[in-house]
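Numbering (my numbering), first residue to last: 2 to 178. The C-beta atom is built at its ideal place from N, Cα and C for all residues, glycine as well. Predicted, not measured: the structure shown is a model, and the values here were computed from it. The block underneath contains the structure these notes are about, expressed in structure tokens.
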């Protein structure tokens, strides 16, 4: 215990800044933990200017996130291969609504260390049972074997057992949805 006190007193006597503190500052308040950092003074103010100049604010407005996602520009084809929904797709017996980013809502979930693969189609409106039979027939014609399918009528989604992401997207795009 005595050696600890001697060590503590020798360490504290080396840095006299910590002990020579005026009444307005607190002991040991520094900007950083190393000894060479300057002491923190709460009376110091940061100097700044508020600008309302539109020329300066245009650089700030570029960094702010958009309030909404704009509608896509109407073109014949896009370089990425993306296709917009056709206007006539809503009038059919079933309809697959696009996601908020205007993408086809088909997702692949891989579980159990890559063994269990599920393809999910979301945002299905209308006759979901007719959509499931048409989709199943389309995929079975492509892959030449049976496809396990689960219809979630309340959740407006269909889950396919296996990796059929490409086939499901092609089916939806061919229908114009």
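Asked: Rounded to a whole number of angstroms, what is the C-alpha to C-alpha distance between residue 61 and residue 53?; Found: 11 Å
Asked: For a test of the three-state rule: what should DSSP assign to residue 163, helix, strand or coil?; Found: coil
Asked: Spell out the partners DSSP gives residue 115 in its beta bridges.; Found: Answer by DSSP bridge pairing: none, since residue 115 is not bridged.
Asked: Helix, strand or coil: which one does DSSP assign to residue 138?; Found: helix
Asked: Which same chain residues, not among the five before or five after residue 94, have their C-beta less than 7 Å away from its C-beta?; Found: 127, 128, 131
Asked: With DSSP collapsed to three states, give me the class of residue 179.; Found: Missing from the structure shown is residue 179; the chain here goes from 2 to 178 and no further.
Asked: Applying the 10 Å Cβ sphere with the 16-neighbour rule, what's the burial state of residue 81?; Found: exposed
Asked: Quick check on the DSSP output: the beta strand (DSSP E) that includes residue 151 runs from which residue to which?; Found: 149-153
Asked: May I ask you to report which of helix, strand or coil DSSP gives residue 91?; Found: helix
Asked: Buried or exposed: which applies to residue 120, given that a residue is buried once 16 or more other Cβ atoms fall within 10 Å of its Cβ?; Found: buried
Asked: Quick check: residue 122 and residue 169, are their CB atoms within less than 8 Å of each other?; Found: yes
Asked: Tell me the rounded alpha-carbon separation between residue 24 and residue 48.; Found: Low confidence applies to residue 24: its pLDDT is 48, below 50, so where it sits in the model is not reliable, and the reading given next is rough at best. Each residue's alpha carbon lies about 25 Å from the other.
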